[in-house]
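There are 2 protein chains.
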Amino acid sequence: MNGQDLGLAAVARLAGVSTATVSNVLNRPHLVAPATQERVLAAIDELDFVPNRAAAALRKGTNRMLGLVIPDIVNPFYAAIVDAVVEAADRERYAVALCVSHEDPAREQRHFDMLAEQRAAGALVVPITADWSRLSQLRMVGAHLIAVDRRVDEAEACSVAIDDVHGGDIAVTHLLAIAGEGVVIVNGSRTIVQCEDRRAGARLALSRAGIEPDSLVELEVAEMTVEAGIAAGRRIAETGAPRRIFCTNDQLAIGVMRGLADSGLIVPDDAAVVGYGDLAFGNDEARRLTTVGQPKHEMGEVAVAKLLAELREGAAHQHSATTFQPHLVIRESTSR
Amino acid sequence: MNGQDLGLAAVARLAGVSTATVSNVLNRPHLVAPATQERVLAAIDELDFVPNRAAAALRKGTNRMLGLVIPDIVNPFYAAIVDAVVEAADRERYAVALCVSHEDPAREQRHFDMLAEQRAAGALVVPITADWSRLSQLRMVGAHLIAVDRRVDEAEACSVAIDDVHGGDIAVTHLLAIAGEGVVIVNGSRTIVQCEDRRAGARLALSRAGIEPDSLVELEVAEMTVEAGIAAGRRIAETGAPRRIFCTNDQLAIGVMRGLADSGLIVPDDAAVVGYGDLAFGNDEARRLTTVGQPKHEMGEVAVAKLLAELREGAAHQHSATTFQPHLVIRESTSR
DNA sequence: CTGTTAGCGCGTTCAA
DNA sequence: TTGAACGCGCTAACAG
């Protein structure tokens, strides 16, 4: 056990072969005679040889590493994506450089620069703005990019995203099957794409059911938090708004149920509530909430798969955009 | 804007200087005359030159990258640590290679191998076993290791950890100041170090108050979940156990409050409950829960600081173990 | 202050 | 099937 690091050469010397042969047993074992292989492996073991990826990266111009750029790691939605990506990458022996942009474009830019300098083979990115051109520097050095949780023109790049319109659709379609009149949506700002899409889906569901979409009662909240949900729930109870309620995330839904309870309205008896996200919070209210589940893990896995495919295919590669369909997770909050 | 990558040499040629000078303006600008610097920077800009870290890493034998090995990323406790680490590393222009061991030693080993091959400058690791010797391979290639959330002998390595004994102590000391008789602890398996430590702290608090530690009523649960907490809460209500309750994590505490409520016992009027962790769940029950807060962010930051210090100091470095003191976050669940 | 030079460890020709 | 030799892009001496 020595701490020195003489590289292939030392191994080659000990095994009585050339460095090329050592390199071959490591990377293209089929080209080396079994006997030689064994000798080399023994030498590697003997010397505790650890291949130097930096040298390989320099030589090959690309590194067995990929970047993952997300806006926030504490958010369980992104955490789930990170989990999936890291696992898929690990399976293929890729390192994952995690970058958290915190919604700061300058920081995001620095991350791209860094990944470019590392000669990362590619990057999975949840961009904080729609300005895809900022990603050009990564492109330049041959890195490949996949947009995650964002749909991007197939001329630009591969992307994976979740169909939020469909999510809103199935949520409200489900509500419409429950006895009652009218539907209310508790939504965040419509400037957020996801919020707008979920709303569009809700209206679509109404239309399909032969109901005027404008009859949808809309409650917009500034922050999509439990607190805002509570306030919304109270307002719904007080104003006699519809008792079939679609909340565009789970926190809002949990809050709404509380707000309703404050006014003596019990879910699901007096009202039906659907949330969105199906995030694993530590409480069991979430376990009672009917919600729209997103295939986060699958999205992460496919993102990695797309990236690796793009690397493999080279110039022949055709970008593709995959959209995942969310699914309804039916639980107590709508069981009447 | 070309996609080619001719390196320092191209920049040097365009700026009419040598490669060494270009390298200097990048890494030691103070050694270069301002005028020259400007010319070089202009050339860099002109060619969209992106330095190649792999080459630098090869040359220097170490990479501006550090590994972060954790058991689980979906767990908000680790997510918070990742957040802190990534931010601190980013500030120093270090890339962070995230590895998730999923409690699998073989996988953890692969991660270490990979980090060694990448010639990561160091790694922060939450080891899944106490077998510190397995980390020797990383050591060998000059990587430096910091143990996170684990206390390690200072002869071995630097470490950062949280004093769970103290956490149990302050939790129960707080409970003892509330009117009532006896204390019950709802705890996970004592084979888990954290659980055992929190219990020890609880007993310590009793002793200090002149109470026989064995009077502590102990409820052990198999899984530290909300469900288990509910069951425990019911049991407490039924058996007339003490109404001053210390739960060794927040999920248990939330469950206990529910279980008590099922039997008509209202917190804080009929019982006082303290949790542990102060994790940001999406519900506001957590916002009402008195709990033991852990300085997760600080721990992550200090871990990075220790690593960078170790890198800077070289052979002169003395390992150190820092223990963070948790603090009580007093909220409604104990306000009587 | 700047240029010259010599590798860092590896992968990949091309010959043998 | 194996070996010799070159160079990937950069940094660190050292010289000027």
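As they're listed, the protein sequences go chains S and P.
Sequential numbering from 1 applies to the first sequence in the numbering used here.
Sequential numbering from 1 applies to the second sequence in the numbering used here.
Ideal Cβ positions, reconstructed from N, Cα and C, are used throughout, including at glycine.
Owing to the predicted nature of the structure, the values given are computational and were not obtained by experimental measurement.
Query	Result
Contact between the region 230 to 243 of chain P and the region 207 to 221 of chain P (3+ Cβ pairs under 8 Å)	yes
Residues near residue 267/S in its chain [Cβ-Cβ closer than 7 Å; skip 5 each side]	257, 260, 273 and 333
Chain P residues whose Cβ lies nearer than 7 Å to that of residue 114/S	95
Three-way DSSP call (helix, strand, coil) for residue 297/S in this model	helix
Straight-line gap, residue 72/P to residue 17/S (C-alpha atoms, nearest Å)	43 Å
Range of the contiguous beta strand (DSSP E) that encloses residue 220/S	217 to 220
Min CB distance residue 6/P to chain S below 8 Å	no
Local Cβ density within 10 Å of residue 275/P, reported as buried at 16 or more and exposed below that	buried
Environment of residue 240/P [buried if 16+ CB atoms lie within 10 Å]	exposed
Members of the region 39 to 58 of chain S near chain P, C-beta cut-off 7 Å	48, 50, 51, 52, 53, 54, 55, 57 and 58
Exposure label - residue 34/S; buried when at least 16 CB within 10 Å	exposed
Classification of residue 127/S by the beta-carbon crowding that lies within 10 angstroms, buried from 16 upward	buried
Chain-ordered chain P contacts of residue 63/S [CB-CB under 8 Å]	54
Residue 189/S - containing alpha helix (DSSP H), residue span	Residue 189/S -> no alpha helix (DSSP H), and no H or E assigned at all.
Proximity winner among 130/S, 96/S, 86/S and 10/S, relative to residue 40/S (alpha-carbon distances)	10/S
Residue burial classification, residue 191/P (beta-carbon count within 10 angstroms, cutoff 16)	exposed
Contact belief for residue 302/S with residue 160/S at Cβ below 8 Å, rounded distance in angstroms	5 Å
Other residues of its chain near residue 299/P: CB distance less than 6 Å, five sequence neighbours each side excluded	160 and 324
C-beta neighbour in chain S for residue 123/P, strict 8 Å	no
Residue interval of the beta strand (DSSP E) (run including residue 243/S)	Careful: residue 243/S lies outside any beta strand (DSSP E) and carries neither H nor E.
Listed by chain order, chain S residues near residue 119/P by CB distance under 8 Å	52, 53 and 54
Contacts that residue 83/S makes with chain P (C-beta to C-beta distance below 7 Å)	73, 74 and 100
Burial state of residue 312/P (16 or more Cβ within 10 Å)	exposed
Span separating the alpha-carbon of residue 116/P from that of residue 50/S	7 Å
Where residue 212/P meets chain S, residues with beta-carbon distance less than 8 Å	Result: empty, since nearest Cβ-Cβ is about 34 Å, beyond 8 Å.
Of the listed residues 135/S, 306/S and 328/S, nearest to residue 92/S (C-alpha basis)	306/S
The region 316 to 323 of chain P / the region 88 to 102 of chain P touching (three or more Cβ pairs under 8 Å)	no
Contacting residues, own chain, Cβ-Cβ under 7 Å from residue 4/S (five flanking each side not counted)	Unreliable placement is indicated for residue 4/S, whose pLDDT of 49 sits below 50; the coordinate value is still reported in the next sentence. Around residue 4/S: no qualifying Cβ.
Element boundaries [alpha helix (DSSP H), containing residue 182/S]	Residue 182/S -> no alpha helix (DSSP H), and no H or E assigned at all.
Residue burial classification, residue 287/S (beta-carbon count within 10 angstroms, cutoff 16)	exposed
Residue from 27/S, 296/S, 335/S and 21/S with nearest C-alpha to residue 162/S	296/S
Pick from 314/P, 316/P, 167/P and 64/P that is closest to residue 247/P, judged by C-alpha positions	167/P
C-beta atoms of residue 106/P and residue 67/P nearer than 8 Å	no
Nearest-angstrom Cα separation, counted from residue 204/S out to residue 164/S	12 Å
The region 57 to 64 of chain S contacting the region 50 to 59 of chain P, beta-carbon criterion three pairs below 8 Å	yes
Residues that residue 111/P bridges to, as DSSP identifies them	DSSP lists no partner for residue 111/P.
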